[in-house]
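> Quick one: the structure is below, and I'll ask about it shortly.
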Amino acid sequence: MPRPEVRMVTLTIDGREVEAPENSMLVDGAKHGDVEIPVFCYEPKLGPPVGACRMCLVEVEGIPKLQTACSTPVKDGMVVHTQTERVRKAQEAVVEFLLINHPLDCPVCDKGGECPLQDISYGWGGGTSRFIEPKRHFRKPLALSPLVAIDRERCILCYRCVRYSQEIAEDYQLVLLERGAHSYVGTFDSTPYVAPFAGNIIELCPVGALTSRAYRFRARPWDIEAAGSICTLCPAQCNISFTVRDDRVLRVMARDNPDVDDGWLCDKGRFAYQAVHADERVVEPMVREGGTLRPVSWERALDEAAAALSRARGRVGALAGDGATNEEGYLLGRLLREALDCNDLDSRVARGPSRETARALSAPALGATVPDVEFAHAVLVLDCEPMDDMPILDLRIRKGVRRHGMRLVVATSRPSSLDPNAAVSVRFAPGAGEAFLAALDAALAGGDVDSAAGAAGADPAAVRELARLLREAGDDVVVVWGERLTGGPRGEQAARALLNVCARLNLRRDGAGLLEIPSSANGRGLREAGVLPGAGPGWSEAADGRDAAGIARALAGGELGALYLLRTDPVRTHPDRTVWSAALARANAVIAHASVLTEGLLEHATVVFPAESYAEKEGTVTHPDGRVQRLRPAIGRPGGVRAEWQVLADVARRAGLEIALPTGAAATKLLFEAVPFYAGLSLVDLAADGVRWPERDAASALDAPAWEPVELERPPAAPSPNGALRLGTFRPIWAAPEVEVSPALRFLSARARVELSPGDARRLGLASGARVHVSHDGTGVAAEVVVRSDVPAGSAFLHEAQGANALSSGEPRLVEVRPA
Amino acid sequence: MKLLFDRVDEPGLNTIDVYRARGGYEPLRRALAMRPDEVVAQIDASGLRGRGGAGFQMGKKAAFIPKGDMDKFLVCNADESEPGTFKDRELMQKNPHQLIEGIAIAAHATGCNRAFIYIRGEYDYVADILDGSVAEARAAGLLNHVDLVVHRGAGAYICGEETALLDSLEGKRGNPRLKPPFPANQGLYQGPTLINNVETLSTVPHVIRMGGAEYAKLGTETSTGTKIVSVSGHVRRPGNYEIELGIPSREIVYGLAGGPAEGRRVKLWFPGGSSAPVLTEEHLDLPYDFDSMAKAGSMLGSGSIIVIDDTVPVIDVAKWVAKFYTHESCGKCTPCREGTRWTLAMVERMDRGEATPMDIEIMAGVQDQIIGHCLCVLGDSMAMPIASLVKHFREEIEAHIEAARARREGIVSPDSPREQPTEATV
Amino acid sequence: MSAFEAEQSVPRFAHGSRVPGWDDAVDVNKDPASIPDPATTAVPDDLRAEIEEHMSRYPDRRSAAIPALRAAQRRHGWCSPQAIDQVASVMRVTPGYLASIATFYDMTENEPRPDHHDVFVCTNISCSLLGAPDVFAAFQEVASDEDRIHVRSFECLGACDIAPMASVDGVYVGPLEPRDAQTVVDDIKAGRPVLEDRQLARRPVADEEARGA
Ligand SMILES: Cc1cc2nc3c(=O)[nH]c(=O)nc-3n(C[C@H](O)[C@H](O)[C@H](O)COP(=O)(O)O)c2cc1C
Ligand code: SF4
Ligand code: FES
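Residue numbers (our numbering), protein chains in the order written: chain G, 1 to 820; chain D, 1001 to 1426; chain R, 2001 to 2213.
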């Protein structure tokens, strides 16, 4: 969809000529002439202005009444006055009115010192009040949720928070109740405002009415420093600013980057900084002695690790995951391939497509950006749940639908939180993404839709409708898809089907294309750094090796002897928990970088290196849309924690590979040299906003020829339930170790739940809340039933809370659900 | 001359048969045979000004509605909540088909394919009548070109304001919207929307029947036609009267409504509902039309006259006004939400004897801070009458403040006479 | 006590504001209120049918919010959390969305008041000029022991021609005197039409020249 073009026009503000973008609001236009017009309710991120607070009244020549500058578009030749007596009086009046109710308790207010109400009262207020009636007093502060406190005395009814809940997060939980001067911000029937993005209201509130319960009274603005970095808790890689006091992170705020996050954060990103200082954090190297992990010196840990790895030379596997940087991935690759002569390394949880096909999928010409999602004519959300997998993208998709009329189509197994916004939603059986794509390909190419749709367990008419919509919505179509689509034994076929669909929709163009949500925070960066079997840095050719599942089997079978775990614990995150437990138990050595001892490490790690938190890390990560972003340390490393690039280099040296790395920046430099399409990048270029490599000339290094649709294999049919249930699994946004160890977020930790359709629940005699046992072939997990009317009959969806991966295998599977 | 109220109590007039028997729906037939722009031209020629408050020419507003095939909406404003106003109620209760016909004609003229009558929730019994009449009209094939729905509100004065009405009709809180965009361009569900008052739309069939030019001969040059005036308060015959615009106000207050009781005189009157700045006895000789009322510093508004005689302390009037608008402020914009509340607090304090004459200045100043600064004119609707009370009766208010203070401070007996209006706990 | 005073008289730092909710924290142990799942929310069939019928009248289902809430109120007596949950489940909106609306409008009842009769006494200007305060006081007194009769003062009900007046379960009656309060309450309790001779619906137009044949 063509983005609005910006034309500059000239207007006169307070006697001076100012150039400003046409149709921008006067408030913003005035900034081009260094004129500040005070605002409270205006916040462009929230959509069109509402003109509620009346703070921004100014005089526009030719219009008799004062106008709200927040809602008056800039026009050529306009003459505006912001300093006249009339304007001054009107602005003073609004401040006086707002302060009538305000308690003026700035000395004990968390917002004090960073409060727009204070600033505006000082700058535009009259300085005195004529209001002598008693002020209103309420109980305060009150809980609005376990995370947010509300002080209704301070609220100036600017509407920002409720507009946010209704128009950005679209959760419609935070509302205005009552009317007139009695209006107040609240929720239905004293329910808490708990939603994945609720914390943003804290930053939006221009007064001290909404405060973070975790940050309350921890610091004053003059005690703190702000340090910009990247949140690496999920693939969204939002740009954040750490609030630091005395080398501790006390708060995380958004650092608006419209190309990444639009200035919003999810609550995991906002509050899980607490994990940085959690008691559970590993801050010293540890070695297993007599069955338990004990703290040891660095020398000893490094020696033991290197010795164990060297002993197993040629028989070492490695996995890398959440939060590992590109540099670390690159160094891990060299450690494995060059020092240990091993090729068994993976950063994906399940086998993906072949190197050739994967390259085609990541072709720069086929890549879509985050803003493309917003401005596309249509977006297909395919086999992923953005809310859980890349939360901030969920807000972007909603924004596209709401503001630009983007047509959303959803194709998933589990009902999506985006269904209400979608023009069409198609359901297919869990794991049947390939078959669905084959059906879609057929629908786009005019082939036989029915048989593939049948294999997918999808409604052929709905698939046709979806295809029609994608074809007719307009040229710019973005497909947002989850890594799980191409993970597993038939990943190659699924990827080919996806490429066919792209070719048929002609997605190799600006404004259209693919956006893959990887299964780990820096999934894309790790792949590009070469943490893959059979692919080196920059998707270069490399000797073939085992994928994650293969590594598990080889370890369990004794073919591999040691395992290197860079920030991942497969027992927790990878399918086939039982196989992984056995594999780790059998391994002679398990070397892990970890900040928390999760179950697999606790039981089986032989050496643990304390991992840096994201607030301590330097290096780069790559956003799913190819934006290379820079991490900057905000605080020092606690205890004995060392830089992980350094640890990797030290291990490599002890194993016989010298990599000269005087500084972290040197590691980045090596990486940029090793990945052809990163060539020429520098840390300086990345600056604050990062650089999207597919837009640079060097991107041609990954050019793949346009995909010609291929004849697809006949996809296998999804298993028919026949009394059992098809198992679908998904990882809720809260299923993360950082959430579990952050005191503020602990109440959200994912619980083991299984979602059933009303029909299946009735048949099994189960109601919401029932405790059940979900099992396959004797292996099972305990869970609590949630009956959902939109779950398709025949499927059960298991939340990937702790232990749920015992049941998943990466392949479609049937399970039984019985009362526990 | 009776148009809207012509034999309005005729039994059965609210049925389609009786309405038709006296020529009803004939204008609709004629209008449907005309091109839409011809119908708009007739309405324009009639000079018909909106009867809901603002007095904007209906023909002009209809002409703003863009042409084209999109969904367009017509909304009849039947929220009638302005204190002192009760004309739409009687029009809808007794002659619903006249309104439905007006809507059908206006919908044809503007190409609106969907229409709503937004009626205040308190008028449930009237809405029941409308529901029946709409069903009759639909069954008779008179509404083939427009889908008409009667929508009941739930009690909020602000929903009479046209953009708040739209929000309310969309199922939201009734908060006014910023203008522009004006409803004619982006109204209900973001579509072009024509909004008119019940009386305005009920007049449309007469305009078509008579021809715009003929209609324009009624009334004055800039206030054409007839108008239903609701008269209430201290008059002997309160109720609705259809008058030709421009007759002397005195003729309405004394001639038709009978004036105040024997021995009483008109102390002040609201010429256009409680939002209109008050006028005094001397203004009774002004012609009752839009321009004369405006020239006198007030407005004709919805055409509702509230008469107040000399038994009533002005401070009571101020209190009723302030209390009403405080209760009805939607709360969206600051000056209205806080200004109304503050004003009420000051008036009550004056009455309790806790004020000094200086508070009159503050009160007047607060009204200045409200007027022209709000999102919609509800704030002004309190500030203008309150300011007018201060302007016309400053001395009485001063005296009241002093007397109340004396009573409170025991300088005179607290029991000395003062009718204390019982306070409502809303 | 005046409206303003009632709100102000909360002693400093003490608790007890007039508007329900201002002083309420949430219950952090409750589940957040998202759209109730039809699978777990029971809605009476007739109520569901009525709400669905209302939704079908508008291009956007949310337009049915007020009619739907009023339908639920007729059934439950007030907009109870349960009533709102039911409407929310049928309309596919959050209960918060509806609560926001239910508390905005005057005719939606937000306090527990199952199965009751409404008496709205107009206390706006025209009625007050003619004695509404006394009429209201009389109603309050007469109904003080009747928990099934809910007397409220109301802003202008659009019937100043019969001032002072009241709306009794939607039936407009007036002019009233204080002593009529008892009759009205008796009529309600007996299930009779209220003050039959003074119902507005039967009143001829004041404009004599306009009276029909
Ligand atoms: C606070 C407020 C309340 C209003 N109430 C009503 C009303 O109850 N009925 C009405 O017809 N117009 C009312 N209006 C005027 C409407 O906004 C609008 O001007 C009118 O419906 C247009 O119709 P007309 O041009 O036919 O008069 C009100 C305006 C304001 C500012
Ligand atoms: S709580 Fe803050 S953001 Fe919300 S309305 Fe009040 S002042 Fe505005
Ligand atoms: S900032 Fe313009 S009205 Fe609030």
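A virtual CB, placed ideally from N, CA and C, is assigned to each residue, including glycine. What you are looking at is a predicted structure, and each value in this text was computed from that prediction instead of being measured.
1. Shorter than 7 Å, the distance from the beta carbon of Glu1082 of chain D to the closest heavy atom of ligand 1, or not?
2. Residues bridged to Lys1227 of chain D by DSSP?
3. Return the Cβ separation of Leu26 of chain G and Ile37 of chain G in integer angstroms, given the expectation that the two are a contact with Cβ distance under 8 Å.
4. Would you list the one or two residues that DSSP bridges to Arg1407 of chain D?
5. I'd like the list of long-range same chain contacts for Val175 of chain G, defined as Cβ closer than 6 Å, with 5 residues on each side in sequence excluded.
6. Tell me which residues share the same chain as Ala458 of chain G and place their Cβ nearer than 7 Å to its Cβ, disregarding the 5 neighbours each side in the sequence.
7. Hey, is the segment 380-400 of chain G in contact with the segment 248-255 of chain G, meaning 3+ C-beta pairs nearer than 8 Å?
8. Show which residues of chain G have a CB atom less than 9 Å away from the CB atom of Ser2063 of chain R.
9. Quick one: what does DSSP say Cys1076 of chain D is sitting in, helix, strand or coil?
10. Quick check on this structure: which residue in G:Glu784, G:Ser742, G:Ala752 has the alpha carbon closest to the alpha carbon of Asp279 of chain G?
11. Between Val817 of chain G and Glu755 of chain G, what straight-line distance do the alpha-carbon atoms span, to the nearest angstrom?
12. Specify the secondary structure class of Met55 of chain G as computed by DSSP and reduced to three states.
13. Please confirm if the segment 1003-1014 of chain D is in contact with the segment 1171-1183 of chain D, defined as three or more CB-CB distances below 8 Å between the two stretches.
14. In three-state terms, what does DSSP make of Val2010 of chain R?
15. How would you list, in chain order, the residues of chain G whose beta-carbon sits under 9 Å from the beta-carbon of Gln1369 of chain D?
16. For Met253 of chain G, which three-state DSSP category applies?
17. Considering only the alpha carbon of each residue, which of G:Ser416, G:Gly208, G:Cys238, G:Ala701 lies closest to Asn257 of chain G?
18. Asp821 of chain G to Cys70 of chain G, Cα distance in whole Å?
19. Quick one: does the C-beta of Tyr164 of chain G sit closer than 7 Å to a heavy atom of ligand 3?
20. Along the alpha helix (DSSP H) that carries Ser763 of chain G, what are the first and last residues, could you check?
21. State yes or no: is the C-beta of Phe97 of chain G nearer than 7 Å to some heavy atom of ligand 3?
22. Below 8 Å between beta carbons: does that hold for Pro116 of chain G and Pro206 of chain G?
23. Please identify the residue among D:Asn1144, D:Val1146, D:Ile1247, D:Ile1129 whose C-alpha is closest to the C-alpha of Arg1152 of chain D.
24. Just mark Gly180 of chain G as buried or exposed, buried being the case when its beta carbon has 16 or more other beta carbons within 10 Å.
25. Looking at C-alpha atoms only, which residue of G:Gly769, G:Ala820, G:Asp777, G:Ala752 is the closest neighbour of His799 of chain G?
26. Once DSSP output is grouped into helix, strand and coil, what is the label at Asp1351 of chain D?
27. Within 8 Å of any Cβ in chain G, is that where the Cβ of Cys1376 of chain D sits?
28. For Gly186 of chain G, return the contacting residues in chain R, with the cut-off set at a CB-CB distance below 7 Å.
29. Please check the pair Ala1031 of chain D and Ile1208 of chain D, which I expect to be a contact at CB under 8 Å, by giving their CB distance rounded to whole angstroms.
30. How is Ser2017 of chain R classed by DSSP in three states: helix, strand or coil?
31. Hey, is Pro2059 of chain R's beta-carbon within less than 8 Å of any beta-carbon in chain D?
32. At the level of alpha carbons, what is the spacing between Thr10 of chain G and Ala227 of chain G?
33. Check for me: the alpha helix (DSSP H) holding Cys2127 of chain R runs from which residue to which?
34. Buried or exposed: where does Ile1411 of chain D fall if 16 or more other Cβ atoms within 10 Å of its Cβ makes it buried?
35. Can you tell me whether Thr1425 of chain D is helix, strand or coil according to DSSP?
36. Take Asp1427 of chain D as the anchor and find which of D:Leu1091, D:Ala1399, D:Ser1275, D:Leu1178 has the nearest alpha-carbon.
Taking the structure as given:
1. Reading the second sequence from its first residue, position 82 is the one you call residue 1082 of chain D. Distances from the CB of Glu1082 of chain D to the heavy atoms of ligand 1 include at least one below 7 Å.
2. For the purposes of this step, residue 1227 of chain D is taken as the residue at position 227 of the second sequence. Lys1227 of chain D is bridged to D:Ile1243.
3. Taking the first residue of the first sequence as 1, we reach residue 26 of chain G at position 26. Taking the first residue of the first sequence as 1, we reach residue 37 of chain G at position 37. Leu26 of chain G to Ile37 of chain G, Cβ: 7 Å. Contact.
4. Position 407 of the second sequence holds residue 1407 of chain D. Beta-bridge pairing links Arg1407 of chain D to no other residue.
5. Here residue 175 of chain G is taken as the residue at index 175 of the first sequence, counted from 1. Counting only Cβ-Cβ distances below 6 Å, and skipping sequence neighbours, we find Val162.
6. Numbered from 1 along the first sequence, position 458 holds the residue referred to as residue 458 of chain G. If we look at Ala458 of chain G and ignore the five residues flanking it on each side, its Cβ neighbours are Val426, Arg427, Phe428, Phe436, Ala439.
7. At 8 Å Cβ cutoff, the stretches do not touch.
8. Here the question's residue 2063 of chain R lines up with position 63 in the third sequence. Ordered by position in chain G, no residue passes the 9 Å Cβ test against Ser2063 of chain R, which lies about 16 Å from the chain.
9. Here residue 1076 of chain D corresponds to residue number 76 of the second sequence, with the count starting at 1. Cys1076 of chain D: strand per DSSP, three-state reduction.
10. Counting from 1 along the first sequence, the entry for residue 279 of chain G is found at position 279. The shortest C-alpha separation from Asp279 of chain G is found at G:Ser742.
11. Translated into the one-based positions of the first sequence, residue 817 of chain G becomes position 817. Translated into the one-based positions of the first sequence, residue 755 of chain G becomes position 755. Approximately 11 Å between the Cα atoms of the pair.
12. Indexing the first sequence from 1 puts residue 55 of chain G at position 55. Three-state DSSP puts Met55 of chain G in coil, outside helix and strand.
13. no
14. Within the third sequence, residue 2010 of chain R is the residue found at index 10, counting from 1. At Val2010 of chain R, the pLDDT of 39 sits below 50, so the modelled position is not reliable and the matter cannot be decided from this model.
15. As a first step, residue 1369 of chain D must be located in the second sequence, where it is residue number 369. Chain G residues near Gln1369 of chain D: Lys89, Ala90, Glu92, Ala93, Val94, Glu96, Phe97.
16. As a first step, residue 253 of chain G must be located in the first sequence, where it is residue number 253. DSSP, read as helix, strand or coil, puts Met253 of chain G in strand.
17. Locating residue 257 of chain G in the first sequence gives position 257, where the first residue counts as 1. Ranking G:Ser416, G:Gly208, G:Cys238, G:Ala701 by Cα distance to Asn257 of chain G puts G:Cys238 first.
18. Any property of residue 821 of chain G remains undetermined from this structure, which presents chain G solely from 1 to 820.
19. For this step, residue 164 of chain G is matched to residue 164 along the first sequence. In terms of side-chain proximity, the C-beta atom of Tyr164 of chain G is found no nearer than 7 Å to any non-hydrogen atom of ligand 3.
20. Walking along the first sequence from the start, residue 763 of chain G turns up at place 763. Per the sequence shown, the amino acid found at residue 763 of chain G is Arg instead of Ser. Here the alpha helix (DSSP H) through Arg763 of chain G covers 758-764.
21. Sequence index remark: in the first sequence, residue 97 of chain G carries index 97 (1-based). Checking the Cβ of Phe97 of chain G against ligand 3 gives no.
22. On the first sequence, position 116 is the one that residue 116 of chain G refers to. On the first sequence, position 206 is the one that residue 206 of chain G refers to. In this structure, Pro116 of chain G lies near Pro206 of chain G, with their beta-carbon atoms less than 8 Å apart.
23. Position 152 of the second sequence, counted from the first residue, corresponds to residue 1152 of chain D. Among D:Asn1144, D:Val1146, D:Ile1247, D:Ile1129, the Cα nearest to that of Arg1152 of chain D is on D:Ile1129.
24. Counting from 1 along the first sequence, the entry for residue 180 of chain G is found at position 180. When all chains shown are included, Gly180 of chain G counts as buried.
25. Position 799 of the first sequence holds residue 799 of chain G. When each option's Cα is compared against that of His799 of chain G, the closest is G:Ala752.
26. The residue labelled residue 1351 of chain D in the question sits at position 351 within the second sequence. If DSSP states are grouped into helix, strand and coil, Asp1351 of chain D belongs with the helices.
27. Translated into the one-based positions of the second sequence, residue 1376 of chain D becomes position 376. No, its Cβ sits nowhere closer than 8 Å to a Cβ of chain G.
28. Taking the first sequence and counting its residues from 1, one reaches residue 186 of chain G at position 186. Within 7 Å Cβ-Cβ: Gly2021.
29. Here residue 1031 of chain D corresponds to residue number 31 of the second sequence, with the count starting at 1. Here residue 1208 of chain D corresponds to residue number 208 of the second sequence, with the count starting at 1. With 8 Å as the limit, Ala1031 of chain D and Ile1208 of chain D qualify as a contact, their Cβ atoms being about 5 Å apart.
30. Position 17 of the third sequence holds residue 2017 of chain R. Confidence is the limiting factor: at Ser2017 of chain R the pLDDT is only 39, short of 50, which leaves the residue's position unreliable, though a coordinate-based value still follows. Here Ser2017 of chain R sits in coil by DSSP.
31. Within the third sequence, numbered from 1, the residue matching residue 2059 of chain R stands at position 59. So, interface residue.
32. Here the question's residue 10 of chain G lines up with position 10 in the first sequence. Here the question's residue 227 of chain G lines up with position 227 in the first sequence. Distance between the alpha carbons of Thr10 of chain G and Ala227 of chain G: 37 Å.
33. In the third sequence, the residue the question calls residue 2127 of chain R occupies position 127. 2125-2129 is the extent of the alpha helix (DSSP H) around Cys2127 of chain R.
34. Numbered from its first residue, the second sequence carries residue 1411 of chain D at position 411. It is exposed - the Cβ of Ile1411 of chain D has fewer than 16 other Cβ atoms within 10 Å.
35. Against the second sequence, residue 1425 of chain D aligns to sequence position 425. With a pLDDT of 29 at Thr1425 of chain D, under the threshold of 50, the modelled position of this residue cannot be trusted; read the value that follows with caution. Coil, per DSSP.
36. Coverage of chain D is limited to positions 1001 through 1426, which leaves residue 1427 of chain D absent and any answer about it impossible.
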